[in-house]
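Numbered per this note's numbering, the sequence shown spans residues -14 to 235.
Note that CB positions come from ideal geometry on N, CA and C, so glycine has one too.
None of the values given here were measured: they were computed from a predicted structure.
Report on one structure; see the data block that follows.
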Amino acid sequence: FAKVEARLLTASGVVEYQFNGVRVLDELGQLVGIAGSGRDISERVRGERVLRENEAKYRALADNIPQRVFYKDRQSRYLAVNHHYAHDLGLNPEDFIGKDDHALHPTDIAARYQRDDQRVMDTGQALEADESYVRGGNEFMIHTVKTPVWDETGAVIGVCGIFFDVTEQRVLERRLQDSEATLRAIYENAPDGILVSSIDADRIWMANPGICRMTGYSEAELLVLRPLDLHPARVGAQVARAFSSLREGT
């Protein structure tokens, strides 16, 4: 028995076909001929070609974005990863297939990854979180987005994820928070009165405790006033000119 897939020249053009051949023997067991059947497989071949092209496109997309991408089955075993993720661990993408996170990451981190996987697959809901990630012996902060993967019947069959390094961003955010806290402490504890108003001076936006002590008004009372309301009418024009100079930078 022999099976061959090839191209067949027909009266209407070239088609893809599959030939199944068998040896024909006589009553003495001698070969007397070849018999076979042919089947047009052009549709299947076209479908396989389209599938390969689509897979190549998705692989090119996954491998050329800077983020790390992965796909796991229901047991959190890796089915596919992109080159960036594999490179982080000094591996090839195919080295991940069939492995779980415990084979690739420290125990505590792997356990957390798998808990998140199961949560996504059990709830059918996407999950976003900051997580620890070890690369080259150094620990980083990553932001991970995980989504469930469904089959054609609507059953969850795995989890797909993407993650990226946010270590520097989180450090900057903490510094900004610390800076804001420092400025807030200065603002709240300054012995001088501090007011912040709108550009046209028609409303007070902020008033620190120092200005409250100076004026005898509470913060809530000051926030419904204009700066001009805090000055006698005879100096109103002078105060207005001062605000005008500040607006114009003169």
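query: Neighbourhood of residue 172 by C-beta, 7 Å cutoff - its chain only, sequence neighbours within 5 removed; result: 179 and 193
query: Completely contained beta strand (DSSP E) runs for the region 41 to 105, where each covers 3 or more residues; result: 53 to 58 and 63 to 66
query: CA-to-CA distance, residue 219 to residue 189, given in whole angstroms; result: 21 Å
query: Inter-residue spacing [alpha-carbon to alpha-carbon] between residue 99 and residue 117; result: 13 Å
query: Given 8 Å, three or more beta-carbon pairs between the region 50 to 59 and the region 22 to 36; result: no
query: CA-to-CA distance, residue 159 to residue 204, given in whole angstroms; result: 29 Å
query: Contact between the region 131 to 138 and the region 100 to 110 (3+ Cβ pairs under 8 Å); result: yes
query: Three-state secondary structure (DSSP) of residue 221; result: helix
query: Rounded straight-line distance, which links the Cα of residue 164 to that of residue 174; result: 15 Å
query: Residue 102 burial status per 10 Å Cβ neighbour count (16 or more: buried); result: buried
query: Whole-angstrom distance between residue 161 and residue 167, CA atom to CA atom; result: 10 Å
query: Boundaries (first-last residue) of the alpha helix (DSSP H) holding residue 8; result: Unbroken run through residue 8 is the beta strand (DSSP E), -2 to 10; no alpha helix (DSSP H).
query: Length at least 3, wholly inside the region 113 to 148: the beta strand (DSSP E) runs in chain order; result: 123 to 135
query: At least 3 beta-carbon pairs within less than 8 Å: the region 86 to 96 vs the region 6 to 23; result: no
query: Backbone secondary structure at residue 237 - three-state DSSP; result: This structure does not reach residue 237, given that the chain is present from -14 up to 235, and the question cannot be answered.
query: Continuous alpha helix (DSSP H) stretch holding residue 169: start and end; result: 152 to 174
query: In DSSP terms, what residue -9 is bridged to; result: 2
query: Where residue 35 sits in the DSSP three-state scheme; result: helix
query: Contact check, residue 210 vs residue 224, beta carbons under 8 Å; result: no
query: Whole-angstrom distance between residue 6 and residue 22, CA atom to CA atom; result: 7 Å
query: Inter-residue Cα distance where the pair is residue 104 and residue 31; result: 39 Å
query: Cut-off 6 Å between Cβ atoms - residues of its own chain near residue 65, not counting five sequence neighbours on either side; result: 56
query: Distance, residue -13 Cα to residue 27 Cα; result: 20 Å
query: Of the residues 25, 12, 142 and 4, the one placed nearest residue -2, counting alpha carbons only; result: 25
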